Structures are given as C-alpha cells and as structure tokens.
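Down below is the structure, laid out as structure tokens.
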Amino acid sequence: MSEVVSYNREGNIGVITVNYPPVNALGQAVRSGLLAALEQGQKDTEAKALLLVCEGRTFIAGADIREFGKPMQEPTLPTLVNTFENSDKPLVAAIHGTALGGGLETALSCHYRVAVSSAKVGLPEVKLGLLPGAGGTQRLPRLTGAQKALEMITTGEFVGANDALALGILDAVEEGDDIRAVGMAYAQKVVDEGKPVRRVRDITDKIDADKGSDVFDQFRDELKKRARGLFSPFKCVDAVEAAFNLPFDEGMKRERELFMECMESPQRAGLIHSFFGEREVSKVKGLPKDTPVRDVKSVGIIGAGTMGGGIAMNFVNVGIPVTIVEVKQDALDKGLAIIRRNYENSAKKGKLTQEQVEQRMALITTSLTYDDFRDVDLVIEAVFEDMAIKKEIFAKLDEVCKPGAILASNTSTLDIDEIASATKRPEDVVGMHFFSPANVMKLLENVRGSKTSDEVKATVMAVAKKIKKVGVMVGNCYGFVGNRMLHKRGTEAMSLVDEGATPQQVDKVLTDLGFPMGQFAMSDLAGIDVGYRIREERRKAGEDIPASWMDKLAEQGRLGQKTQAGVYKYEEGSRKPIPDPEVEQLIEQFRKEQGITPREITDQEILERCVYVMINEGAKILEEGIADRPLDIDIVWIYGYGFPAYRGGPMFWADQEGLDTILSAVKKYQDTVGGEQWEPAALLEKLVAEGRKFADL
C-alpha cells in the first residue's frame with residue numbers, strides 16, 4: 010500500500026484516504042496508491058460501499074506540477090478513472106476544498122459525489138493550453154448538458170458546490186467542514202437505501218436532449234470573439250461534441266487524440282511557461298525567505314481619481330480599511346461615487362450582495378488633510394506624473410507618517426530614488442505601479458529604489474499576494490520594465506505612421522500577434538494626455554523629445570475614449586475604435602511640415618520594428634539588472650500589457666522566433682532607422698554568439 014493512500018474499513022464502509030500534502034495532487038504515487046486501495050476495497054467482503062476522501066485542506070486539486078514536461082508513468086490517469094468507474098461496489102467521492110482537473114475527473118469516475126458547501130469544482134486544463142484528458146469532456150456533459158459543460162471546460166473557471174449541485178455534477182451538498190463525517194453519512198445512506206452502482210458513462214438523457222442542436226456551432230462562433238488566436242478552447246469544443254456524436258469508448262479515444270494535439274501545440278509551452286512564471290516571480294533574487302514582513306492593516310491613498318479609486322478597491326476587497334486624501338471635497342465625492350458605481354454594477358451582475366457593497370464602502374474614509382495618515386501602515390501616492398508635485402507630497406508624508414510606515418508611489422516612469430530624496434527615510438520608499446483599471450488588472454510592478462530596505466521589498470510583495478495581484482519586483486530606471494519597453498514600441502509605432510503606415514495598420518499587426526489592442530487604441534484607452542504629460546516631463550528634464558502629431562491631438566483636447574476622440578473616434582457608450590478622417594488629415598499635415606514623403610510599409614516591418622525593439626530593450630534591462638530574470642519581463646508583459654499568454658511573454662517568444670533572426674533585424678534597423686533603441690544589446694549579441702537562449706540565463 011502506498012504511503013500517500015490508505016485503506017481501512019469503518020463499519021460496512023471501505024474508506025480510501027489520500028494524504029499527499031499540500032494539495033493531494035495526482036502524482037504517480039497517488040495514482041498507484043488509489044488503484045491498490047480500490048483493489049483492497051473490492052476484495053473486502055465486509056465493505057458494502059467505498060468512500061474516497063482526502064486529508065488536509067482539499068480534495069485532489071489536480072495533476073502534480075512536478076511531473077509537468079516528463080513522460081507519464083503508469084498507471085496513467087485514464088487507466089485510474091476507468092478502473093474506478095468499473096468498480097462493482099458503489100463508490101462515493103467526498104469533496105472539500107477544490108476538485109480540479111484530474112481531481113474532478115477522478116470524482117466523475119465515482120458513482121456518487123457529495124461535497125461541503127464551501128467546495129469548488131472545475132476543469133482548468135484550457136488555461137495550460139490543454140483539454141481534460143481523462144474523460145472530463147465525455148463525462149461532464151452527461152451530467153450538465155452541452156452548454157454548461159462547454160462553458161466550464163472552455164473557460165476553466167471553477168463552480169461552487171451549490172451551483173455544481175444544481176448542474177447535476179454533485180448529488181448532495183452539506184454544511185460544515187468535517188468532510189469525512191459528511192462522506193461517511195452519504196456512503197451509509199447509499200448502503201442503507203440499496204443505491205446501485207451508477208456509472209456516469211451510462212447516463213444519456215442530457216446527451217439525447219442536445220443531440221442535433223446547433224449549440225456547438227454557436228459556441229464556436231462565440232469563441233472566435235472571446236478566445237481569438239487560442240488553440241485549445243476549440244479543441245475542447247470538438248472533444249465535448251464527440252460525447253454527443255460517438256459511443257462512450259470512441260468518444261474517449263477522440264478526447265485522447267485531441268488531448269495529444271494540444272500537447273504538441275506551441276501554445277501549450279507558452280501557457281505552461283506563464284503558469285510557472287506567475288509563481289516563480291514571487292521569489293525575489295537576493296531577498297532571503299525569512300525576511301521580516303511588516304503588518305499592513307490600514308492604507309492611505311493620495312488621489313481619488315481613476316487610479317486612486319481603483320487602488321482603494323483592491324484593499325477594501327480584502328477587508329483592509331483605506332483613507333483617501335484629496336485637495337478638494339468635490340474630487341473626493343466624485344471618486345467615491347465612481348467606486349460605489351463599480352460595486353453596484355458588480356452587485357447587479359450577482360458577483361456581490363448589496364450587504365457586501367455596503368461593507369466595502371464602509372471601509373473607505375475620505376479626508377482633505379494628510380494628518381489622517383498618521384496611523385496608516387502604507388501610503389500609496391497616485392497623482393499625475395509630475396516630479397515636483399510628487400517630491401512635495403513625499404516631504405509632507407515624511408513629516409506626518411509614523412516610523413515604519415511604507416511610503417509608495419504609483420509612478421509609471423519617474424525615478425524612485427529622486428522621489429525618496431524628499432524624505433529622511435529613503436529605506437521606506439518604494440514604487441508600487443498599478444495598472445489601469447487598477448481594480449481589474451492583475452500586475453503590480455513593485456520598484457525597488459537603491460536604498461529600499463529588504464523588509465519593505467518583502468512587504469510589498471506580500472501585499473501584492475494579499476490583494477490578489479501578481480507582484481513582480483523590478484529595479485529603478487525610467488519606465489522600469491513595462492513602460493521602458495512600451496515607450497520603445499511607441500516610438501517605433503509613431504515613426505511608422507510618420508513614414509506612411511496608418512494607426513489601424515500598426516494596431517492590426519499587434520492584435521494579429523495576440524494583443525487585445527494595438528498601440529494607438531491603448532493610448533486612447535489610457536488617455537492621450539497621460540503620454541503627453543510624460544513627454545512634457547522628459548522635455549522639462551532636458552531630453553530631446555521631438556514634437557509629434559500625438560502632441561497635437563492632446564493640445565486639441567482629443568484625449569481618447571474619455572472624450573470620444575483620440576487617435577480614433579468613439580460612439581457614445583462604445584469602446585470600438587473607428588478610424589477618423591480628421592486624424593488622417595492631421596497626420597498628412599504633420600508629414601508635410603516635417604518634409605516626409607509617405608511610403609508603403611509592410612506588416613512584417615511593423616512587426617519587427619514594434620516587437621523586436623522591445624526584445625532588444627528587454628535584453629538591455631536584463632544586462633542592467635533592472636529585471637532579475639527573463640520570466641520577470643514575460644510576466645510583466647502578460648499581466649500588465651496583454652502580451653498573449655499562449656506566446657509565453659516577449660522573451661519566451663523571442664527564443665521561439667530565434668535570437669539570431671532578431672539580432673539580424675536589429676542590426677538592419679540600426680543602419681536604416683538609427684537611434685539608441687536599435688543599438689544591439691550586448692546580451693543579445695552574446696547569446697547569439699554562444700548559441701544560447703534567454704531561457705538559458
């Protein structure tokens with residue numbers, strides 16, 4: 010008998026117990042242990058029914074990630090679930106915590122399923138570029154029908170126990186947290202009532218009801234919009250459809266074929282890199298694991314605008330009270346009204362109760378004086394990008410805030426060390442760069458200054474996790490990691506339009522690569538004035554930033570979506586960018602003023618100049634130690650800028666594209682376009698010379 014799976018009998022119930030911390034993952038030892046325990050239960054003549062239950066905080070939470078990328082050892086998961094389903098004694102799965110992926114597939118191979126009300130179930134394989142490969146696409150629709158199975162499998166989202174009961178996935182849900190007692194009671198009921206062995210494979214009423222419907226075609230049409238560019242969601246639909254068109258055993262074979270197609274897809278490698286990268290970035294190079302973390306029980310925020318309000322929501326969502334300070338009461342009232350509206354909209358969609366809305370709003374205090382920051386543990390400044398104003402704010406915070414309070418700036422580009430120089434405690438100053446909309450976007454780019462203490466670094470990384478963000482620690486330079494690379498892309502995008510491309514052509518190349526929006530649509534979303542202020546700040550600092558047609562848009566009050574006119578125009582209530590003849594004329598006039606004769610520009614040149622320039626800059630960021638690892642850059646770009654996760658992030662994608670190809674293009678544009686952005690990174694040249702990749706660093 011495996012050490013991680015045990016069998017014992019309690020009365021007339023044979024109990025199979027999994028104990029494989031932390032999440033009872035389906036490693037080889039668990040799979041072989043489950044088969045051995047099942048065999049023992051089958052032979053136990055006193056056992057009238059069998060119960061599968063797990064120790065610890067969860068049911069089987071999925072595959073063992075330590076086995077990813079390695080050949081599957083026997084017994085395989087399909088072998089396990091088929092053997093379980095073929096048990097001639099009734100088999101009950103008792104679920105607490107989460108039953109995910111192979112965990113849910115194992116539960117579906119049992120004849121009955123009971124759960125505590127806090128449990129969740131799901132098949133999240135699609136998030137790794139895969140599909141459920143152990144019968145999930147064949148058994149789930151037999152319980153839920155086609156539509157719900159397709160929704161669950163193509164999104165990978167979890168379903169709560171009560172919803173799972175209503176869908177037919179579970180047979181019973183009980184209150185309480187003693188899963189063993191819940192499972193034993195249900196198994197005893199099965200015995201006492203003489204319930205038969207009931208195999209999911211044999212349940213066909215919902216299969217019969219959906220046969221011949223157009224649900225699959227409709228779902229594919231929907232996926233073309235929702236999952237544009239992705240491979241595995243469409244394979245998931247094919248697999249579920251097989252459950253309706255083929256006998257069960259043939260459907261299982263078809264599922265396996267489609268699973269292997271997903272395994273061989275380049276997207277799987279990118280998504281798995283993203284999956285592991287999200288976890289890896291929490292480990293900060295040079296920061297000891299035992300670094301003390303300060304308590305953050307209350308937060309101050311300066312600014313009640315879009316960013317300040319969004320940042321506040323992150324904290325009150327997890328029960329941390331917030332004090333927002335503004336210079337005028339009407340700004341506070343407006344900001345608070347927007348926060349309330351956001352919560353009310355969530356309540357209308359059923360994501361929050363009205364009581365929860367009021368609880369969250371009650372955690373927000375507003376003020377017109379910095380004196381109300383005297384007792385907070387963390388202050389985040391979220392005003393616009395003006396160094397003089399930020400230094401003035403931090404000097405005030407230095408006077409008011411208690412010793413040990415962390416002073417953070419939400420700056421997206423400015424020098425953290427210069428901001429810290431306005432205080433007598435630079436060791437407590439750090440950047441916490443949230444992304445807009447701050448209550449939605451997952452990335453938190455934490456920026457260490459040269460004097461930021463390890464304690465503060467560890468604390469802001471812990472805060473990121475607490476507020477459900479993906480925190481990445483980066484170094485201090487203009488634009489840090491994300492915006493430094495973005496601004497290089499932006500410069501090339503502008504130049505390409507100056508030279509003859511249209512904004513929509515540039516944007517289409519980027520969306521075809523998998524970005525949710527292109528450079529210019531993104532500028533409209535963020536606000537044309539944001540980039541304009543940044544350029545003005547750099548001009549004030551003495552940088553030679555040439556005038557552009559984007560400056561003219563800002564000066565004309567075309568600020569993007571918020572004014573329904575920017576690079577594109579927008580209809581009332583719509584975010585869809587529409588090309589605007591007025592902007593075309595403005596660009597033509599700008600070209601004439603600059604003496605530029607427009608030329609035809611290929612999509613390939615746009616791709617190279619907009620994306621290869623980012624790779625070259627990313628290599629420089631690595632050389633300088635601004636990012637510790639290539640995957641830090643990848644995660645910043647996936648979670649902050651919409652780089653398609655299935656491509657693994659810019660540095661991972663560069664390895665697939667070929668660093669020699671990229672370096673050759675960089676050198677070509679160094680000769681034809683010029684500028685420091687096209688000076689080849691020494692690291693890029695070194696890797697190509699040595700035949701290595703970013704992944705080898």
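So for the sequence shown, our numbering puts the first residue at 10; every next one is plus one.
Glycine included, every Cβ here is placed at the ideal spot set by N, Cα and C.
If you're wondering where the values come from, they're calculated on a predicted model, not measured in any experiment.
If the five residues before and after alanine 691 are omitted, its C-beta is found closer than 7 Å to the C-beta atoms of Glu632, all from its own chain and listed in chain order. Taking the CA atoms as reference points, glycine 484 sits about 15 Å from aspartate 437.
The three-state reading of DSSP puts glycine 480 in strand, counting E and B together.
Taken in chain order, the whole alpha helix (DSSP H) runs of length 4 or more contained in the stretch 459 to 515 are 463 to 475, 491 to 508. The DSSP assignment places complete beta strand (DSSP E) segments of no fewer than 3 residues inside the stretch 330 to 409 at 331 to 334, 373 to 376, 387 to 390, in order along the chain.
For threonine 26, the enclosing beta strand (DSSP E) covers residues 22 to 27. A direct Cα-to-Cα measurement between lysine 477 and proline 586 gives close to 31 Å. Under the DSSP assignment, histidine 442 falls in the beta strand (DSSP E) whose first and last residues are 438 to 443. Looking at Gly286, Leu640, Glu508, the one whose alpha-carbon comes closest to that of glutamine 598 is Glu508.
Between alanine 102 and cysteine 119, the CB-CB gap stays under 8 Å. In the structure shown, cysteine 119 falls within a coil segment according to DSSP collapsed to helix, strand and coil.
In this structure, the beta-carbon distance from isoleucine 329 to valine 308 falls below 8 Å. The straight-line gap separating the alpha-carbon atoms of methionine 531 and glycine 700 is approximately 36 Å. The shortest CA-to-CA distance from glutamate 273 to any of Gly413, Leu139, Met441 is the one to Leu139. Taking one beta carbon from each stretch, the stretch 332 to 348 and the stretch 423 to 431 have fewer than 3 pairs nearer than 8 Å; the two do not touch. In summary, glutamate 83 is exposed, with fewer than 16 beta-carbon neighbours lying within 10 Å of its beta-carbon over all protein chains present. Cβ contact annotation for valine 168 (same chain, cutoff 8 Å, sequence separation greater than five): Lys129, Val130, Gly131, Met161, Leu176, Ile178, in chain order. Methionine 482 and glutamate 626 do not touch by the CB rule: their CB atoms are close to 19 Å apart, not below 8 Å.
In this structure, valine 469 lies away from valine 449, with their beta-carbon atoms at least 8 Å apart. Cβ neighbours of glycine 65 within its own chain (closer than 6 Å, five residues either side excluded): Pro30.
By the C-beta density criterion, serine 557 is buried, having at least 16 other C-beta atoms within 10 angstroms.
Ranked by Cα distance from aspartate 516, the first of Ala473, Pro590, Val620, Gln368 is Val620.
Bounds of the beta strand (DSSP E) holding glutamate 19 are 14 to 19. Sequence-distant partners of aspartate 407 (beyond 5 residues in either direction) whose C-beta falls short of 8 Å from its own C-beta, in its chain, are Leu416, Ala431, Thr432, Lys433, Arg434. With contacts defined as CB atoms closer than 8 Å, valine 13 and alanine 46 fail to qualify as a contacting pair.
The alpha-carbon of valine 27 is positioned some 15 Å away from that of leucine 100. For valine 62, the CB contacts under 7 Å within the same chain, skipping 5 residues up- and downstream, are Val24, Thr26, Ala103, Ile188, Arg189, Gly192 in chain order.
Closest in C-alpha terms to threonine 153, from the list Pro205, Asp217, Glu183, comes Asp217.
In terms of Cα proximity to glutamine 365, the closest of Tyr352, Ser376, Val539 is Tyr352. For isoleucine 310, the uninterrupted beta strand (DSSP E) segment begins and ends at 308 to 311. Under DSSP, isoleucine 216 shares a beta bridge with no residue. Check the Cα spacing between phenylalanine 529 and each of Arg18, Asp521, Ile543, Gln514: the tightest is with Gln514. The stretch 300 to 318 and the stretch 387 to 401 touch, with no fewer than 3 CB-CB distances between them shorter than 8 Å. Classified as exposed, asparagine 171 has fewer than 16 neighbouring CB atoms from the shown chains inside 10 Å of its CB.
For the 8 Å CB-CB criterion, glycine 649 and leucine 452 form a contact.
For the options Ala704, Glu501, Arg600, the alpha carbon positioned closest to that of glutamine 679 is the one of Glu501.
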